[in-house]
Amino acid sequence: MSGKKQPVSVLVVIYNTELDVLLLERADHPGYWQSVTGSREGDEDLRVTATREVFEETGLDASLYTLIDWQLQNSYEIYPHWRHRYPAGITQNTEHVFGLQLPDRVPITIAAREHLKFQWLPWQDAAQKVFSPSNRAAIVSLPDRMITF
Numbered sequence: 061m062s063g064k065k066q067p068v069s070v071l072v073v074i075y076n077t078e079l080d081v082l083l084l085e086r087a088d089h090p091g092y093w094q095s096v097t098g099s100r101e102g103d104e105d106l107r108v109t110a111t112r113e114v115f116e117e118t119g120l121d122a123s124l125y126t127l128i129d130w131q132l133q134n135s136y137e138i139y140p141h142w143r144h145r146y147p148a149g150i151t152q153n154t155e156h157v158f159g160l161q162l163p164d165r166v167p168i169t170i171a172a173r174e175h176l177k178f179q180w181l182p183w184q185d186a187a188q189k190v191f192s193p194s195n196r197a198a199i200v201s202l203p204d205r206m207i208t209f
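For this note's numbering, add 60 to where a residue sits in the sequence shown, where the first one is 1.
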């Protein structure tokens, strides 16, 4: 049976001014750590997708912080064990990258059905821990994308 997920998603790197990065461990694949990710629903604007996914996965209201569309898209092959979530024949996804800058580490409420744990790590350690190459590349670019006020 094929799923209905769109092959259009967001990746939201959540970080603070010390360049600590929030990582989430996937419930459906323990040991796989990542930033917030999720697929667009309907024809929603990608900023809306990013804001919705941040809230669903962390309990954070992105509108209270600085959410930046990095104007970066990654196209990649969907891992075979997740293809059942998409319409038949879909093997590629386009991911749109955002950054969410927080003033400090803030309390997180993870979605238990999606994630087992969360942790804050310095960006270098976070880049090494994530399983996705596009997530790693986004985190590695973080020092150059930092917003100073």
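Beta carbons are placed, not taken as given, at the ideal position from N, Cα and C, and that holds for glycine. Note that this is a predicted model, so its numbers are computed, not measured.
Asked	Found
Range covered by the beta strand (DSSP E) that runs through ILE128	126–137
Own chain partners of ASN134 with C-beta closer than 6 Å, once the 5 adjacent residues on each side are dropped	GLU155, SER194
Per DSSP, cross-strand counterpart(s) of GLY63	DSSP lists no partner for GLY63.
Rounded separation between GLN66 and TRP142 - CA only	12 Å
Proximity winner among ILE168, ASN76, ILE138, ALA187, relative to PHE178 (alpha-carbon distances)	ILE168
Check whether LEU176 and VAL73 have beta carbons under 8 Å apart	no
Assigned exposure category for GLY159 - 16 Cβ within 10 Å defines buried	buried
Among VAL157, ILE207, ASP103, nearest to SER192 - alpha-carbon criterion	VAL157
Three-state secondary structure assigned by DSSP to THR151	coil
Distance CB(LEU106)-CB(ALA186) smaller than 8 Å	no
Three-state secondary structure (DSSP) of ASP210	The shown model of the chain, from 61 to 209, leaves out residue 210, and the question about it has no answer.
ASN153 versus SER69, ALA172, ALA110, residue with shortest Cα-Cα distance	SER69
Spatial distance of TYR56 from PRO163 (CA atoms)	A query on residue 56 cannot be resolved here, the shown segment of the chain reaching from 61 to 209 and no further.
Burial state of ALA110, where buried means 16 or more other Cβ atoms lie within 10 Å	buried
Buried versus exposed call for THR118 [16 or more other C-beta atoms within 10 Å across all chains shown]	buried
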